[in-house]
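Numbering (full-length UniProt numbering), first residue to last: 1 to 252.
Just below is one structure, and these are the notes that go with it.
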Amino acid sequence: MSELGLVSFFSLIQEDNDVVGSRAHKAVIRKAGDLTTDEKFCLGDLLQEYGCMPGNAPDLCKSELYKSFFDEVFKFWTSAHAVSQGPVLPPRDPSQSCIEIDDSWAEMTLSDQVPGMHVSLTMEFDREKETFAWIWRGHIEEPLTLEDLKYHLPDGVTMNEAIVAAIGHYDDIERERVTSHNRRKIINMARRRIRNFALAVTSDNIEHLSYDRIQEGEILPLILARDVYLKNTRFANEIVAAIERDLDMTPI
Numbered sequence: 001m002s003e004l005g006l007v008s009f010f011s012l013i014q015e016d017n018d019v020v021g022s023r024a025h026k027a028v029i030r031k032a033g034d035l036t037t038d039e040k041f042c043l044g045d046l047l048q049e050y051g052c053m054p055g056n057a058p059d060l061c062k063s064e065l066y067k068s069f070f071d072e073v074f075k076f077w078t079s080a081h082a083v084s085q086g087p088v089l090p091p092r093d094p095s096q097s098c099i100e101i102d103d104s105w106a107e108m109t110l111s112d113q114v115p116g117m118h119v120s121l122t123m124e125f126d127r128e129k130e131t132f133a134w135i136w137r138g139h140i141e142e143p144l145t146l147e148d149l150k151y152h153l154p155d156g157v158t159m160n161e162a163i164v165a166a167i168g169h170y171d172d173i174e175r176e177r178v179t180s181h182n183r184r185k186i187i188n189m190a191r192r193r194i195r196n197f198a199l200a201v202t203s204d205n206i207e208h209l210s211y212d213r214i215q216e217g218e219i220l221p222l223i224l225a226r227d228v229y230l231k232n233t234r235f236a237n238e239i240v241a242a243i244e245r246d247l248d249m250t251p252i
C-alpha cells in the first residue's frame, strides 16, 4: 500500500472515538474500544498490511477494512487468551487441481444421458515455470486423447468451458488458502501486541511493545492460475500476430 494508504488509516485512527483514555494495569482488553488511541496507532503497520493483503475484495473501502481488522482481532478472543505463533500454511490438496465433468453439465435431460459417463480434467499448473498441462480422463480413469474427448464430454459442454471451470476451481481454493494464512498471521501479531499492551506497567513509550513486526516475505503472494494463463495467452497472441505479419509479407 502507498504512503497515502497508510495516512488514510492513521486518519481513521485519529477520527476514531471508540477508545479509552487510560486503563488499569492488567485490565483485560475485550474489544477495540478498550484500546487507547496511542495503542491503535501502534497497530498502524499491521492495519496497512491487512489493507493491502493479496486477495482482498477490490471494492472494500478503508473504513470497511479498518472495521474488519478489529472485528477479526477480537473475534472469540481477549487479551487474557494466549496467542499461537503460527499459522502453518496448509498444503494443496490434489482435488484443487481436478474437476469432474458429469451429466449435470449437460444441456440435455438426464434421461438422454449414457449412464456412468463422465470426464475428469486435471490441471497441472507449475507456478514457477508458469506452464500448464491438461490431462483428460474418462470414467475408467484412462487418459483421453483430444479426438476421443468429444465422445465423452456431456452434450453441449465444450473443452474450453471445462478448462475455464478448472481454472476457476483452482483459484477459488488457492485464494482462500493463501488469504486465510496471511490474515491469520497479521491478526495473531496484532493480538500479541495487544497482550503486551494489557500487561504493560505503564502506557508510556508503548512503541517498544510493537517490536514484533511482519518481515519481508512473510505475507505470501497470491498466484492465481487465471492471471498466469492470461499472461501466457497475451504473449502467445503477440507471437501469432508477428507470424501472420511475416506471412503477409512473404511472396507467394
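By construction, the Cβ of each residue, glycine as well, lies at the ideal position given by its N, Cα and C atoms.
Remember, predicted model here, so these are calculated numbers, not experimental data.
Burial state of I239 (16 or more Cβ within 10 Å): Label assigned to I239: exposed.
Range of the contiguous alpha helix (DSSP H) that encloses T37: Run containing T37: T37 to F41, per the alpha helix (DSSP H) assignment.
Nonlocal neighbours in the same chain, by C-beta distance under 6 Å from K31, ignoring five residues either side: F74.
Sufficient close CB pairs (3 or more, under 8 Å) joining the stretch 174-188 to the stretch 39-51: Segment contact: the stretch 174-188 against the stretch 39-51, three or more CB-CB distances shorter than 8 Å; contact assigned.
Neighbour-count burial assignment, E39, 16 or more Cβ in a 10 Å radius: Buried.
Status (buried if at least 16 other CB within 10 Å, exposed otherwise) for V119: Counting Cβ neighbours within 10 Å, V119 comes out buried, since at least 16 surround it.
Under the three-state DSSP convention, the category P221 falls into: Shown here, P221 sits in coil according to DSSP, grouped into three states, outside any helix or strand.
Residue range of the unbroken beta strand (DSSP E) whose run includes L121: Residues V119 to D126.
Local conformation of E244 per DSSP, three classes: When secondary structure is reduced to three states using DSSP, E244 falls in the helix class.
Cβ-based burial, T109 [other Cβ within 10 Å; buried from 16]: With a pLDDT of 45 at T109, under the threshold of 50, the predicted position of this residue should be treated as unreliable, though the coordinate-derived value follows. Around the beta carbon of T109, fewer than 16 other beta carbons lie within 10 angstroms, which makes this residue exposed.
M123 classed as buried or exposed, judged by whether at least 16 other C-beta atoms fall within 10 angstroms: The residue in question, M123, is buried, as its Cβ has 16 or more Cβ neighbours within 10 Å.
9 Å Cβ cutoff met for L43 and R193: In this structure, the beta-carbon distance from L43 to R193 falls below 9 Å.
As assigned by DSSP and simplified to three states, the class of P143: Collapsing the DSSP output to three states places P143 in a strand.
Reference N17, options K26, T37 and V228, closest by Cα: Ranking K26, T37 and V228 by Cα distance to N17 puts T37 first.
9 Å Cβ cutoff met for I135 and E174: Result no, Cβ atoms of I135 and E174 do not sit closer than 9 Å.
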